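Engineer:
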Amino acid sequence: MAESGATGRGSAPRALAALPALLAARDWAAAERLLRRAARQNGAPAPVFYNLAKVIEAQGGTPAQRLAWLARATAADPVHADAWFETGRARLAAGDLAGAEAAFARTAALQPGARDAWAMLLRLRLRLGRWQAAREALARAGDLGGEGRIAAYRIACELGEPAAAERAAMLADPALRPAALRALAQTARGRLPLRLPPTGPQPSEGAAPGSGRT
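The sequence shown begins at 130 in the numbering used here and counts up one residue at a time.
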């Protein structure tokens with residue numbers, strides 16, 4: 130959850146010697162007091178502010194409270210990828226979709242292999258209607274299972290591309306049916322009702338009507 134190995138100028142490392150034990154014990158209140166003292170020191174390093182934001186979140190703090198400390202973390206270390214990721218989470222919790230996308234994009238730029246950042250970018254770009262950018266995020270996010278199949282279908286539809294293969298892949302898994310129906314409705318453009326493939330065992334050929342379950 131947090132970075133316990135904070136380093137930097139001054140006496141911050143010595144002041145944080147007790148932090149790992151407090152985090153392990155989930156003593157958030159004591160950890161917060163310790164981190165606030167460290168944050169008051171000149172030259173406090175970015176992990177102090179990052180950890181403080183995480184400890185505040187663990188105690189139910191608001192997105193605004195978290196963002197205040199995360200802003201100090203990224204100011205102290207602009208390449209602190211985890212702080213940018215947490216900034217994205219906090220902005221998303223605050224309803225700032227554009228700000229969240231920008232923060233997750235910073236994470237992805239700093240750590241191109243960070244699949245969790247790309248997955249968050251995919252979800253946000255779908256909500257923002259940024260279809261080409263969503264496709265890039267989908268390609269970088271790794272295997273997202275059913276979520277990825279649904280996203281691929283929706284992106285193709287929204288871009289006006291043939292989507293038969295994506296639709297078939299999405300509907301092949303009965304467990305995805307509720308989410309698939311939502312995606313079909315979102316992209317139907319008034320073409321409902323839909324004819325969907327069956328999901329369960331079908332009566333054998335020539336079976337008499339009414340010979341199934343009662």
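Built from N, CA and C at the ideal position, the CB exists for glycine as well.
No experiment lies behind these values; they were computed from the predicted model shown.
Hey, W260 and L288: beta-carbon distance below 7 Å or not?
Structural biologist: Contact flag set, yes.
Engineer: With a CB to CB cut of under 6 Å and the five nearest residues on each side skipped, what residues in its chain are close to P322?
Structural biologist: The pLDDT assigned to P322 is 48, lower than 50, so where the model puts this residue is not dependable; a value taken from the coordinates is nonetheless given after this. So no residue of the chain qualifies.
Engineer: For A262 and R311, what's the separation of their Cα atoms in angstroms?
Structural biologist: 21 Å
Engineer: Got a sec? Which residues, its chain only, sit under 7 Å from L226 by beta carbon, not counting five neighbours each side?
Structural biologist: Contacts found: L253, R256 and L257.
Engineer: Please list the segments of the beta strand (DSSP E) lying wholly inside the stretch 248-282, counting only runs of 3 or more residues, in order along the chain.
Structural biologist: none
Engineer: Distance check for L267 and N180, CA to CA, integer angstroms please.
Structural biologist: 30 Å
Engineer: Are the Cβ atoms of T236 and A205 separated by less than 7 Å?
Structural biologist: no
Engineer: Cβ of A182 within 7 Å of Cβ of W157?
Structural biologist: no
Engineer: Would you mind stating whether E161 and V177 have Cβ atoms separated by less than 7 Å?
Structural biologist: no
Engineer: Please report the Cβ distance between A202 and A187, rounded to the nearest whole angstrom; I am assuming they are in contact, meaning their Cβ atoms lie under 8 Å.
Structural biologist: About 16 Å; that fails the 8 Å criterion.
Engineer: CB-CB under 6 Å to E295, same chain, minus the five flanking residues each way: which ones, in chain order?
Structural biologist: A281, Y282 and A285
Engineer: With DSSP run on the structure shown, which of helix, strand or coil describes S180?
Structural biologist: The sequence given here has Asn at residue 180, not Ser. In this structure, N180 counts as helix in the three-state DSSP scheme.
Engineer: Can you tell me where the alpha helix (DSSP H) holding T191 begins and where it ends?
Structural biologist: Premise fails: T191 is in no alpha helix (DSSP H) and is neither H nor E.
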